[in-house]
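Undergrad:
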Amino acid sequence: MRPILSLPLLNTVCAMLLSSACTFALAQDPPARVGRISTVEGQVLVRAGDGEAQNALLNWPVTTDNRLSTMRGALAELRVGAAAVRLDGDSELEVSELDDDSFKLHLGYGTVSVRVRNPDALRGFELTTAQARVILTQPGWVRIEAGRQSGTSVVSVLDGAADVDGATGSVTLRAGQRAELTDEDLRTGALQRIAFDNWPEALSAAAPALRYVTDDTTGYEELDRYGAWQDDAQYGPLWLPSAVPAGWAPYSDGRWTWIAPWGWTWVDNAPWGYAPSHYGRWVLLGQRWGWAPGRERGRVPWAPALVGWVGGHPGTHHEQRPGVGWFPLSPHERYVPGYRASAEYERRINRVAEGRRSVVGERERREGMTMLPGERFGGSRTVDVPRRNRTSMPPPVLQSLPLSTAPAPAGNWQRPVDAPRGDRPPRRDWVNRPGRLQTDDGQTHLAPRPMQPNRQPVPAQPQQPPMPAQPLMPAMPALPPVQDQVGRPGWRGEERPRAERPQPRPVSERSGPPRERSHDRGNERGNPGRNGRLQQEAER
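Each residue of the sequence shown is one higher than the one before, starting from 32 at the first, in my numbering.
This is the structure we're talking about:
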């Protein structure tokens, strides 16, 4: 007689199979969180994987395995939801991991500060150097320096608290304290501020936009500055940009760039253009466009561009198929990913359009159509979209264009995720320690020890304006050693050598004409800009 499975056992087997299927599906989904370059002042380079370094642009998406490098005198800021990561001049920061549940950074050299307002943003956050691992335990503000003194990392807590692990022990730092870490020592003392700390805070916990979107919506902080909100009976809350040229449409002023694993990704030129390009939908009210984040205020996955595609592809278009076009999706239309994604991912990303009809197979109104010759997408992984490139075709012609998918790349641009990186030395294995020393009093100081920089200043690059000299950090006094009271052995490993700086491309190789800086926030606040302000602070 054949054995008969009991009903409880059968239910258990089915549950295990369903759980495995869901886990596999989620593993195929792209990350739901992607960062944004929110400030670029001076010469800042961005590098994806082992690709070519290029000049960083405002609103450039940042994901796992991206590196940001600043030249001397430059400043850069990366935002991921409610977290602001700021990079001082002559620094390099790697995004080791960025996805739904983790945000890991590695500071190769230089100075970085991290501000986090929302406790939820602390989940999975970690920053490492060659000598230290830093984990924020409360919302707050920390500054980390690596390599300003040879073989030394300095962790300073300006607000909140952080756990710091080193080779010889661990320590919990609170506001007003700092720690210096080497391979042989861990010392604590009082915080010493530097000019870099004077960069003003731009995040506001009372931003009007947070009534309509969550602070997981990267780029939300720009909306209140550049537009206004209104309620619509059909679409719910709408955000309307305050200053756009006549005839403007979403996704018409910027560039397409190929970013794995999503493919063609939109980079908007407007300082406010990040959130409305990667979340929600657009609505045309009369002659004015409004961005609709959706009635339900919640976290949704990031999308490379919420558009519908029409027309041909490179090598396939003809006289009746005039190039490649795209138009912003409305709340009536579902977004169909052109990359691998699960059904659950599609449901989450289309939450604003749930219960509405799909774009595929429909004949929509297609307002805001922008078109380019098909061959523009064939030979480059970055395609500039000039202003006023809107099509003037009559509506019947636009409606007759066949719905399509995003153009296929001409080359093999999608590097395998698990490809080895030959330029990345192995890093230390950080051990989760069962306890750490609490530093309630960090006021002990010894004789001052002047700081010895271990690098020569980087000269200005050819065809670039000379950068102002970066203010030197004040000398820090020597600190008393910290004994690991838990009595645990520390780790040992090879120090991570400083990464080789990528060389910028010559100006002649850059795509498109030089862009006018449209994001000088220092001048918007009525001051001479951040670089000038930092220099003034250093001279006082």
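C-beta: ideal position from N, C-alpha, C; glycine also.
(1) Could you give the DSSP three-state label for H137: helix, strand or coil?
(2) I need the DSSP call for N229, collapsed to helix, strand or coil.
(3) Could you spell out the range, first to last residue, of the alpha helix (DSSP H) harbouring A6?
(4) Mind reading off the beta-carbon distance from W287 to V416? Whole number of angstroms is fine, and I expect it under 8 Å.
(5) Taking the alpha helix (DSSP H) that A306 falls in, what are its first and last residues?
(6) For A336, collect the residues of the same chain with a Cβ closer than 6 Å to its Cβ; drop the 5 residues on either side in sequence, then sort them by chain order.
(7) For L99, name the three-state secondary structure that DSSP assigns.
(8) Under the assumption that W340 contacts S431 (Cβ atoms under 8 Å), give the Cβ distance between them as a whole number of angstroms.
(9) Counting pairs of beta carbons, one from the segment 277-284 and one from the segment 241-260, are three or more of them closer than 8 Å?
(10) Between the alpha carbons of G311 and W91, how many angstroms are there, rounded?
(11) So, do the segment 254-265 and the segment 65-76 have three or more beta carbon pairs nearer to each other than 8 Å?
(12) W172 and L26 - do their beta-carbons sit closer together than 7 Å?
(13) Buried or exposed for A210, please, with buried defined as at least 16 other CB atoms from any protein chain shown within 10 angstroms of its CB.
(14) If you run the structure through DSSP and keep just helix, strand and coil, what is P272?
(15) Figure out for me which residue from G294, L124, S133 has the closest Cα to the Cα of G112.
(16) Count the C-beta pairs between the segment 105-120 and the segment 146-165 that are closer than 8 Å, then say yes if the count reaches three, no if not.
(17) In the DSSP assignment, what residue or residues form a beta bridge with R224?
(18) How far does the alpha helix (DSSP H) with A240 in it extend, from its first residue to its last?
(19) Please classify M400 as buried or exposed, where buried requires at least 16 neighbouring CB atoms within 10 angstroms.
(20) Go ahead and label N229 buried or exposed: buried means 16 or more other beta carbons lie within 10 angstroms of its beta carbon, across all protein chains shown.
(21) Whole-angstrom Cβ separation of A384 and E364, contact assumed at under 8 Å?
(22) Run through DSSP, which three-state label would G285 get?
(23) Beta strand (DSSP E) containing L109: first to last residue?
(24) For the candidate residues A177, G369, A301, V331, whose alpha-carbon lies nearest to that of G3?
(25) Which value, in whole angstroms, describes the spacing of the CA atoms of D130 and T95?
(26) Helix, strand or coil: which one does DSSP assign to V428?
(27) Buried or exposed: S361, going by 16 or more other Cβ atoms within 10 Å of its Cβ?
(28) Please say whether G200 and L212 have beta carbons closer to each other than 7 Å?
(29) Could you check what DSSP says for V71 in three-state terms: helix, strand or coil?
(30) From the DSSP output, which residues share a beta bridge with G201?
(31) Start and end of the beta strand (DSSP E) containing D415?
TA: To lay it out plainly:
(1) strand
(2) helix
(3) Any answer about residue 6 is impossible in this case: the structure gives the chain only from 32 up to 571.
(4) 7 Å
(5) 305-309
(6) W297
(7) strand
(8) Not a contact, Cβ separation roughly 15 Å.
(9) no
(10) 19 Å
(11) no
(12) Because the chain in this structure spans residues 32 to 571, residue 26 falls outside the shown range and cannot be described.
(13) buried
(14) strand
(15) S133
(16) yes
(17) DSSP, once it has assigned bridges, lists no residue as partnering R224.
(18) It is not in any alpha helix (DSSP H) - A240 carries neither H nor E in the DSSP assignment.
(19) buried
(20) exposed
(21) 6 Å
(22) strand
(23) 106-111
(24) Residue 3 is absent from the model: the chain starts at 32 and stops at 571.
(25) 8 Å
(26) helix
(27) buried
(28) no
(29) strand
(30) The amino acid at residue 201 is misidentified as Gly; the sequence shows Ser. Note: S201 sits in a beta bridge opposite D196.
(31) 413-416
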